[in-house]
Every structure is written in structure tokens, then in C-alpha cells.
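Chains as they are written, first to last, in numbering that gives the first Met the number 0: chain Y, 0 to 108; chain W, 0 to 164; chain G, 0 to 640. Beta carbons are placed, not taken as given, at the ideal position from N, Cα and C, and that holds for glycine.
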Amino acid sequence: METIVQNIQGVPLNHYILFCSIIFTIGVIGVLTRRNVIIIMMSVELMLNAVNLLLTAFSAHSGDPAGQVFVFFIMALAAAEVAVGLAIIVMVYRNTRSVDINALNRLRG
Amino acid sequence: MSVFYFVAFLSIFFALMTIFTKNPVHSVLYLVITFFTFTIHYILLNAQFLAVVNFIVYMGAIMVLFLFVLMLLNLNKDTEPLKSNLVKFMGVVAGACLLLTVAGSLRLMEVSNPIVLKNPDIGLVGSLGKVLFSDFLLPFEISSILLLTAMVGAVLLAKNESKKA
Amino acid sequence: MIDLIWLIPLLPLVGFLINGIARNALPKSLVGVIGSGVVLVAFLLSCGVFATVYAARQVGADATFIQPIFEWISAGDLQISLSFLVDPLSAVMLLIVTGIGFLIHVYSVGYMMHDPGFAKFFAFLNLFVFFMLLLVLGSNYIVMFIGWEGVGLCSYLLIGFWFRNSSYVKAAKKAFVMNRIGDLGFLIAVFLIFATFGSLEFSTVFPQAAGMAVGDATLLLITLLLFVAATGKSAQIPLFTWLPDAMAGPTPVSALIHAATMVTAGIYMIARSNILFTLSPITLQIVAAVGICTALLAAAIAVTQNDIKKVLAYSTVSQLGYMFLGLGVGAFTGAFFHVLTHAFFKGLLFLGAGSVIHAMSDEQDMRRMGGLKKQLPVTYVTMLIGTVAISGIPPLSGFFSKDEILAHAFISNTALWILGVVGALLTSFYMFRMLFLTFFGKFRGSDTQADHLHESPMTMTMPLVALAILSALGGLLNVPSALGGGHALESFLAPVFEDSALQVEAVHLSHNTEYLLMGISAVGALIMAVVAYQQYVSKAVVPKSDEAQRRALSKLSYHKFYVDELYETLVVRPLNGLSGFFYRVVDKSIIDGIVNGSGKTIGETGKGLRLLQSGNVGFYIFFMVVAAVVLLAYGLLTFNR
Numbered sequence: 000m001e002t003i004v005q006n007i008q009g010v011p012l013n014h015y016i017l018f019c020s021i022i023f024t025i026g027v028i029g030v031l032t033r034r035n036v037i038i039i040m041m042s043v044e045l046m047l048n049a050v051n052l053l054l055t056a057f058s059a060h061s062g063d064p065a066g067q068v069f070v071f072f073i074m075a076l077a078a079a080e081v082a083v084g085l086a087i088i089v090m091v092y093r094n095t096r097s098v099d100i101n102a103l104n105r106l107r108g
Numbered sequence: 000m001s002v003f004y005f006v007a008f009l010s011i012f013f014a015l016m017t018i019f020t021k022n023p024v025h026s027v028l029y030l031v032i033t034f035f036t037f038t039i040h041y042i043l044l045n046a047q048f049l050a051v052v053n054f055i056v057y058m059g060a061i062m063v064l065f066l067f068v069l070m071l072l073n074l075n076k077d078t079e080p081l082k083s084n085l086v087k088f089m090g091v092v093a094g095a096c097l098l099l100t101v102a103g104s105l106r107l108m109e110v111s112n113p114i115v116l117k118n119p120d121i122g123l124v125g126s127l128g129k130v131l132f133s134d135f136l137l138p139f140e141i142s143s144i145l146l147l148t149a150m151v152g153a154v155l156l157a158k159n160e161s162k163k164a
Numbered sequence: 000m001i002d003l004i005w006l007i008p009l010l011p012l013v014g015f016l017i018n019g020i021a022r023n024a025l026p027k028s029l030v031g032v033i034g035s036g037v038v039l040v041a042f043l044l045s046c047g048v049f050a051t052v053y054a055a056r057q058v059g060a061d062a063t064f065i066q067p068i069f070e071w072i073s074a075g076d077l078q079i080s081l082s083f084l085v086d087p088l089s090a091v092m093l094l095i096v097t098g099i100g101f102l103i104h105v106y107s108v109g110y111m112m113h114d115p116g117f118a119k120f121f122a123f124l125n126l127f128v129f130f131m132l133l134l135v136l137g138s139n140y141i142v143m144f145i146g147w148e149g150v151g152l153c154s155y156l157l158i159g160f161w162f163r164n165s166s167y168v169k170a171a172k173k174a175f176v177m178n179r180i181g182d183l184g185f186l187i188a189v190f191l192i193f194a195t196f197g198s199l200e201f202s203t204v205f206p207q208a209a210g211m212a213v214g215d216a217t218l219l220l221i222t223l224l225l226f227v228a229a230t231g232k233s234a235q236i237p238l239f240t241w242l243p244d245a246m247a248g249p250t251p252v253s254a255l256i257h258a259a260t261m262v263t264a265g266i267y268m269i270a271r272s273n274i275l276f277t278l279s280p281i282t283l284q285i286v287a288a289v290g291i292c293t294a295l296l297a298a299a300i301a302v303t304q305n306d307i308k309k310v311l312a313y314s315t316v317s318q319l320g321y322m323f324l325g326l327g328v329g330a331f332t333g334a335f336f337h338v339l340t341h342a343f344f345k346g347l348l349f350l351g352a353g354s355v356i357h358a359m360s361d362e363q364d365m366r367r368m369g370g371l372k373k374q375l376p377v378t379y380v381t382m383l384i385g386t387v388a389i390s391g392i393p394p395l396s397g398f399f400s401k402d403e404i405l406a407h408a409f410i411s412n413t414a415l416w417i418l419g420v421v422g423a424l425l426t427s428f429y430m431f432r433m434l435f436l437t438f439f440g441k442f443r444g445s446d447t448q449a450d451h452l453h454e455s456p457m458t459m460t461m462p463l464v465a466l467a468i469l470s471a472l473g474g475l476l477n478v479p480s481a482l483g484g485g486h487a488l489e490s491f492l493a494p495v496f497e498d499s500a501l502q503v504e505a506v507h508l509s510h511n512t513e514y515l516l517m518g519i520s521a522v523g524a525l526i527m528a529v530v531a532y533q534q535y536v537s538k539a540v541v542p543k544s545d546e547a548q549r550r551a552l553s554k555l556s557y558h559k560f561y562v563d564e565l566y567e568t569l570v571v572r573p574l575n576g577l578s579g580f581f582y583r584v585v586d587k588s589i590i591d592g593i594v595n596g597s598g599k600t601i602g603e604t605g606k607g608l609r610l611l612q613s614g615n616v617g618f619y620i621f622f623m624v625v626a627a628v629v630l631l632a633y634g635l636l637t638f639n640r
């Protein structure tokens, strides 16, 4: 454990922030670029994870356990969200026979 | 130190693979690997509890759920039409702008001091559990209700309605 | 009796309300009784008022009575009250308006008997009398202005009484618009008076004005504007063309409004404001010049007219010109005396013409009349008296009033006197021409008309007789001292004009000069009468038809010197063009363009914004990302360390 802990000394917080931003951006690009609804939801999960990691990094940096507790709740929430989201997708698929996001344009004005 | 960079590189690589493959099942698998790398990151930060939870919940439950749905909808083939080039380009540009903004803030923030783990024990299961059950008891209980709600909702939504008709 | 002044205008107003509201319910006889009755009672009250004033004058008092009714506007410095002023001038006008008004109301009962709008006619006539009384009785310029505008309105209503005929309606509009042009002058003058004197009451303005210098610039402007108003109301150059067209109304209207009362409002107003005018000699010269020019122009036109009412209309314009000439040379009493006698004989002439028209089954062209004196004896005799009176042949009333004006004109400017005499000669000629063409010679009308020829009923001939007596004897009211008279009217009206008299040095003609002047005009009138007799009776000349060729001067006169055409080109067409421009360009394109354009813009914006709601979720997410980026960037840029 100590080696791990020592290993981590010296990684600037900046780099963590940058790294998580990159993952987050990749998630955003995934949402904007793909048309399959399920892939989009997975990209959303990617974004959430990036945030989780950043929160953990900040928590470790400042010694405040609140960050990690928050991550814990986010994970629980993500699980619930995925469950409901996928249920909705199944319903949509039953009605429209497609998981193409462009087919879901009943919201048009 | 170099471990961090190596694992970070792996994460980014597999994340890119996730969103750029055409086959949805491949996409799911790459995402699982990405989450694995995240688990390693948690361990590097000595957040042991979170690493385990990440492994079990995310990789074990959520991604399996995705896989189930994919199989259910029979999308293991390449059935997905891609968006037009303009849209993809605009999407990448938007993402890049986002990145730039955040990266730009780093210059302003100048938080480049190295991480010194003041209290390396906070990531341990025991200490995290103590904090969870003392300061954050109410959110903890409420999240259980949240999970219950989600479960009920999911079951109701996915129920086959042709029985009623 | 002075306390009951307020009843005098109120009674015709009540008559208007009753006849107007219940016009379909009341029988014609009752309408006639109510309409004429209220004016009769007003006349009796006016007699009482006159008696009071006369008694006051006899003992040498100023005889000015003011009766306030109520405080109308009280805003800061502006205090306007509805109050009535009775002095010798307004007392005489009261008698004219109510007296002749009553006679004409009685006449109308017979004349309009077969008209379906009988009750409406009497309602309008009563309304007119009400407004005219307000004008005459007002003790400040505002009440006078209310009456001024009101009679203009009633003139419009009555000229266009037979409204189904579009040319009559046009004539009514023309009268109203030309009156309004004058009214603008009145209004601006009122503003100036208030600015200069701080009040609009006659009793305040005139004593203050008396202290101002002769030729004061503000007074000059005020009087010029008041004169503009007078030209509109009293049909002088340049606003006179409405009066001949106003003959489209029924003949009693022409008699009452356009002979005896409304058109004399201008002269009344100037006589009332005499001190202002006396202190502006330039204006007086303009008044005299315009007066004599109008007199001559109208007389020249009347010589060739063939419609009996048009001859009388131009004659009215001409005689009004004489009245203004009188005012311009300082003969205020003379001008007002001419108002009085003109009311008598012109009212008589118009009513007589109405009688002729009625007998001729609504024929107005004199070329189809002739030899009517056998069938219409009463009408003939009374019109003869009226014609002799207007021609200025002694001893009838016209001679005395016209002569007084001409005498003052001679004192002021010999050229004016010469022109005045020329006008008088023309007057005599065309009036006798009218008489001879109508009543002498052979009958030139159709056989059906000949069968219907009959003398008018009593209701129409009684007023004729009454007015004939007044025309004959009216001259006795103001016999000049040269003829041994007592100048009764002049001394009666003295307090009204006394401030003016103080300003002007009184010049008196020797009696010999006066006899000479009188002789010239009287003999001249007689000679012209004989010339007319020669032309139209002895030689039995009948005027040419409308299409016949005429010699240059005669053509000019027949076409009314093309004044209407001139106005049409100079004023009406450019105004119509301007109005069309404003309608097409400013209103439709610009204003509507702006309004419709803003509506359309909003619509288009909405349409554009609607595209955002494409239902494309990817699109929404894209914009969410963009928004997040923008917010972050903004926060970044405004971040203070």
C-alpha cells in the first residue's frame, strides 16, 4: 500500500483534472456523434465516471471524505438511472421498432 | 508516477475505441475495459472501497444490463446508420471547445501542486463507512428509497402491456 | 325683463328638441305651431328687452346689461363664463333674428307642407335660431364662437336638407368647409386676444383696447384674422363661392340664413369689435377694398344669371360687400343700418322668389317664366316693393341705408364712392331685370306649369306683406339730418361705437354735397331701371340659352368669372393630390408597412425559432453542450482572482 501511496505523490492535481476532462469530452463527443440510443447512454456513463474520478482525486488531495461519499451516491444513482433508462428504451423499441435517435422526433414543434 | 500516466493513457485509448467502433457489442466491451482502468485509478488514490464498488456495480451490474438489452434487441449486428459528416464534425468541435474551456481554466486556477495524501486512510472501507453512517445517514437512507423507486419504475415500464388488452 | 334673457335662446332650443325627438309622432300642424310658436315667444321677449334698452337710452344711459348664467371654464388665468350681453346693438339684432325668423317659420309651414321631412326642417330651423341668438347675445368671444360654429353647422344641415341629391350635399360640404377656413382665423384671433388682454369678455377687452395706440401691430394681426373669419361667414372675396351654391337648400333657408341672419354675423362681429378695428386703419382699408371689390364682382356676375335664386344670391354677396365697405370707411351705424334694411328686403325677395318657384311647380329658370303678375298679384306687388327698395330708390329703406354708406365712402375716398355708385347702378339693373323677366311679358313656360299657376296660401303671403311694409317704411329709422331726420338709429347705437368715435375726427359733409350725392345715386338707379325696362319689356329680350355663344365680357360674367374653376385648380386638386399621396405612401406603405412589418417580423422570428424544436434529441444535446461551454467560458473570463 505504501508503495502505491508513495507512487501517487508527485502527480500534480492539474493532470488529474486534465485527464478527467479528456474522458468527459470523449463522453460528450460520443453523445453527439452516435445515433444508437444505447451507445449514447453508455457515453453518459463514461461522463459520470470521469466526474467520479475527479471527485475522488479532490477528496484525496484535501483529505475530506465527503468527496468519496458523494462518489458513492453518484454510483448508486447511476445504477438506478441506467435501469430506468434501459426500460424506457425497451418500450420505445417496442413501439417504433428502432433505436435510432432521429426516429424519436415526436418532440418536434 | 509513471503508473498513473500509463493507466491514464490506457483509459483514454479504450474510451476512444468505445465511441468509435461501429459494432455496439464491441462498444460495450471496450467500455468495460475502460471502467477497469478506472478501478485501477481508484486504487492508486487509495480509495479502496470505491474501487471495489466501481468494479462490482459498474462493471458487474450496469454493463451486464447494457449487454442484456443489446442482446434483447438483437443489435449485435451492425444495424446502425451513422450520422452525417457535418454532424460528427460539429460534435467533435463542440467537445473540443469544452475541453479547451476546462483546460483554459487550469491556467487560471494554477492548482499544480502535487497531491499529498494528507490522510491516506480515508479511502478505506472502515473509515468511509464511519463517515457514511454518521454524517451522511439521511442521504444514505434516501438513496435506498431511490433504488426502490427505480426498481419499481423499471419493472412497470418494461412490463408487457398486451396482457391488459 | 332683462332677467329673462336666458329664455330667449332657450325657447328655440326646446323647440328643436321637441320637434327633433318626436318628429315622427307629432302631426304637421302641431310641429308648425311649436316651431313657430317658440320663435314668436322669443320675439315677444326680445321686444320686451328692446323696450328696456330703449328706455335706458332715452334717459341717456349706456344701456349695457350683462346677465351671467354660469361659470364655464375656470383654469388658472382663463376664466370663461356663459353670460349674455344686451346693449343697443344686440337688442336690434335680437329683433331681427327673432322677428324675421318668426315670419320665415310661418312661411315655411306653407312652403314645406308637402315635404316628408317637415318636422326635421323645423327642428333644424329652431336649432339655427338658437345658435344665432347665442352668437348675438354672447358677452365674450367664446360664446360668440359657439354660436358662430353652430350656425355654420345648421347651414350645412339645412343646405343639404334634400340629402338624396348629391350635388346639394356637395354644396352643403362646400359651405361648411369655407366657413371652417374662416373659423380658423377667428380661433387664432381669440388666442391672440387672450394673450394680449388676458380675458375674452367684451367688457374687459374693449376698454383695455381703447387705451392702445393707433396702428398697434398686435391689434392689426387680430383684426386681420377676425376679418378673415368674417369673409368666410359673410361670403366676401375670397371665400364667397359657397353662397351661390347654397341656393340648393329650400328657399326659406336661403331667406333666413343666407340673407337675413347668418351672413350678417360677420358684420355684427366687426361692429361689436369696432374699437379694435378703428385702431387698425390698415385693416379698415383692406375691409373697404375687399368689400367694394366683392360688391362689384358679384353684381357683374348677377347681370347674366338666369336662375332666380342665383340672382338673389349674388345680390346678397354684393350687398354684403356694401356693408363691409361701410365698416371699412368707418360708417358703423350705416353698415348696421344696411344690415337691418337688407334683412327686410332680401328676406322679402327670397320669400317672394320661393312663392314664384312654388307656383311654377319648382321651376327656377327665369327664361321659362314671364307674365306672372296676373296670376300672382300679391307676390308681384311685394317683390316690386323689394326690388325698388334694394335699388336704392327713395323713399324706400334701401335708399337711406345705402346712401349713408356712400356718403361716408365719399368722405373717405372719392374712388370708393364712384365704384360704389357703379355697383348701385348694376344692382338696380339686374334686380329690375329679374323683376321684368319674371312678371312681365308673355308666359314662356310649359302648359302643365301654366295650369298649376296659383297664388300662394296665406301662410306664405302674410310674411311677404309684413316684410314689404318693413322694407317700405324701414328707412324712417335713420333719416339723415340733411333730409330733416333725427338719426334715430345712430343715436340709439351711439354707446356701442363711442370709443371708436373718439378716435376718429368726425367729418361732416355739407348738406348740399349730400343732396348731390343722393341725387346722383337715386337718379342713376332710376335710369338703370328704365334701361332694364327697355331691354326686357319693350324689346322683350329673352336671355340666351346655356349653349349659345356669348361675347367675351358676357361670357365671363355668365361663368361667374371662373372663380370656382380657379379654386378647383389652385386649391382643391393639389389638396386632393397631397391627400392621395399621404394615403398611398405615408399611410399605406409607411405606417401600415411598419405595423404589418413588425407583425410579420414576429411571425417570421417565431417560424425561425420553431425550427429549434426539431424533435431531434441530438440537436438538443448539442445545444446543451454549446450552452455549457459558453457559460463556462463566460465564468472563466469574468473570474477575478
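Does the beta carbon of residue i come closer than 8 Å to any beta carbon on chain Y?
{"i": "G/Phe644", "result": "Absent from the model: residue 644 of chain G. The displayed extent of chain G is 0 to 640, so no value can be given."}
{"i": "G/Gly617", "result": "yes"}
{"i": "W/Phe54", "result": "no"}
Are the Cβ atoms of residue i and residue j separated by less than 8 Å?
{"i": "G/Gly290", "j": "G/Gln235", "result": "yes"}
{"i": "G/Phe64", "j": "G/Ile141", "result": "no"}
{"i": "G/Leu371", "j": "G/Ala467", "result": "no"}
{"i": "G/Gly329", "j": "G/Val503", "result": "yes"}
{"i": "G/Lys232", "j": "G/Asn178", "result": "yes"}
{"i": "W/Phe65", "j": "Y/Met41", "result": "yes"}
{"i": "Y/Phe71", "j": "W/Val52", "result": "yes"}
{"i": "W/Leu105", "j": "Y/Leu17", "result": "yes"}
{"i": "G/Gly14", "j": "G/Val37", "result": "yes"}
Buried or exposed, going by whether 16 or more other CB atoms sit within 10 Å of the CB of residue i?
{"i": "G/Pro115", "result": "exposed"}
{"i": "G/Tyr379", "result": "buried"}
{"i": "W/Ile141", "result": "exposed"}
{"i": "W/Met150", "result": "exposed"}
{"i": "G/Glu513", "result": "buried"}
{"i": "W/Ala164", "result": "For W/Ala164, the pLDDT reaches just 45, beneath the cut-off of 50, and the residue's location in the model is therefore unreliable, although a value from the coordinates is still provided. Exposed is the call here."}
{"i": "Y/Pro64", "result": "buried"}
{"i": "G/Pro11", "result": "buried"}
{"i": "G/Glu200", "result": "buried"}
So, is the C-beta of residue i closer than 8 Å to a C-beta in chain W?
{"i": "Y/Ala77", "result": "yes"}
{"i": "G/Ala632", "result": "yes"}
{"i": "G/Leu608", "result": "no"}
{"i": "G/Ala626", "result": "no"}
{"i": "Y/Thr32", "result": "yes"}
Grab me the residues of residue i's own chain with a C-beta within less than 6 Å of its C-beta, minus the 5 sequence neighbours each way, in chain order.
{"i": "W/Leu9", "result": "Thr36"}
{"i": "G/Ile72", "result": "Ile79"}
{"i": "Y/Leu47", "result": "Ala77"}
Can you list, in chain order, the residues of its chain with a C-beta nearer than 7 Å to that of residue i? Leave out the 5 residues immediately preceding and following it.
{"i": "G/Ala641", "result": "This structure cannot speak to residue 641 of chain G, because chain G is shown only from 0 to 640."}
8 Å is my cut-off, CB to CB: does residue i come that close to chain G?
{"i": "W/Ser104", "result": "yes"}
{"i": "W/Ile18", "result": "no"}
{"i": "Y/Val89", "result": "no"}
{"i": "Y/Val27", "result": "yes"}
Residues in its own chain within less than 8 Å of residue i by CB, not counting five upstream and five downstream?
{"i": "G/Trp656", "result": "With chain G covering only 0 through 640, there is no way to say anything about residue 656 of chain G."}
{"i": "G/Val529", "result": "none"}
Stretch-stretch touch, CB-based, cutoff 8 Å, three pairs: the segment 82 to 96 of chain G with the segment 132 to 149 of chain G: yes
Inter-stretch contact at 8 Å, needing at least 3 Cβ pairs: the segment 390 to 403 of chain G / the segment 351 to 359 of chain G: no
The segment 263 to 279 of chain G touching the segment 218 to 225 of chain G, judged by at least three CB pairs closer than 8 Å: yes
Three or more C-beta pairs below 8 Å linking the segment 13 to 22 of chain G and the segment 124 to 132 of chain G: With the rule of 3 Cβ pairs closer than 8 Å, the segment 13 to 22 of chain G counts as touching the segment 124 to 132 of chain G.
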